[in-house]
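Please read the structure below before turning to the comments.
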Amino acid sequence: MAYDNLAKLRVSIWKDYTPPRSLMIHQDHGKQLGGDDILQQEVYSWSMREDPFGGVADEALRNELRELLVVPFQPSNPPSQRRISKMEPFLLKAEEAIQNGVTEWTVSLEGAGDDDDFPARVNPLLALNLQLKWLVRSFGHQPGVSVAIR
230 MAYDNLAKLR VSIWKDYTPP RSLMIHQDHG KQLGGDDILQ QEVYSWSMRE
280 DPFGGVADEA LRNELRELLV VPFQPSNPPS QRRISKMEPF LLKAEEAIQN
330 GVTEWTVSLE GAGDDDDFPA RVNPLLALNL QLKWLVRSFG HQPGVSVAIR
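Taking this note's numbering, the leading residue of the sequence shown gets 230, the next gets one more, and so forth.
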């Protein structure tokens, strides 16, 4: 599977939505809602402007990490297939890469702010891993939570 540069990665957390009042939903072609067609509402989003895999020199590992993160959480997948618990394989692989020292610190796309003489450095995979672990701790025990990654 070919991947575009994932800079500007956006992670969204969704939860099952129960409207306060009954809804009537009309769909074309006589299809009715049911099964995985649960209404959801976005409760959190986070964008990363860095390429989260930019500091991973090994192309095979970089592609594996992308696949573990992107494929399970494509917004076109039903919410039941994008549950936050499916984040575990990516987190384990990312943690292994970080612990083994195969990720590098890179110059940040954001810059250092006022101090242009010293560009900011970031380990994008470490930053992503820390953010996703926080999301799992924060939302992982809530029922009906799913993740979309674009």
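Using N, Cα and C, we set each Cβ at its ideal position, and we do this for glycine too.
CB residue i to CB residue j, shorter than 9 Å?
i: A377; j: R311; result: yes
i: V374; j: I267; result: no
i: L361; j: E279; result: no
i: L238; j: P301; result: no
i: L297; j: F319; result: yes
i: K244; j: V272; result: yes
i: G284; j: T335; result: yes
i: V240; j: M277; result: yes
i: I313; j: L364; result: yes
i: P308; j: Q270; result: no
i: K322; j: E288; result: no
Where does the unbroken beta strand (DSSP E) through residue i begin, and where does it stop?
i: K244; result: L238 to D245
Within the 9 Å Cβ cut-off, does residue i reach chain C?
i: N352; result: The structure shown contains no chain C; it holds only a single protein chain.
Does DSSP classify residue i as helix, strand or coil?
i: I267; result: coil
i: N234; result: Low confidence applies here, because N234 scores a pLDDT of 46, under 50, leaving its location unreliable and the question unanswered by this model.
i: P249; result: coil
> Considering only residues of the stretch 340 to 379, which uninterrupted alpha helix (DSSP H) runs meet the minimum length of 4 residues and lie entirely inside it, listed in chain order?
Replying inline: Fully enclosed alpha helix (DSSP H) runs of 4 or longer: 353 to 368.
>> Under 8 Å: do the stretch 326 to 338 and the stretch 349 to 357 share three or more Cβ pairs, one atom per stretch?
In response: Three or more beta-carbon pairs separated by less than 8 Å link the stretch 326 to 338 to the stretch 349 to 357, which places the two stretches in contact.
> Which residue spans inside the stretch 270 to 351 form an unbroken alpha helix (DSSP H) run of at least 4?
Replying inline: 288 to 299 and 317 to 328
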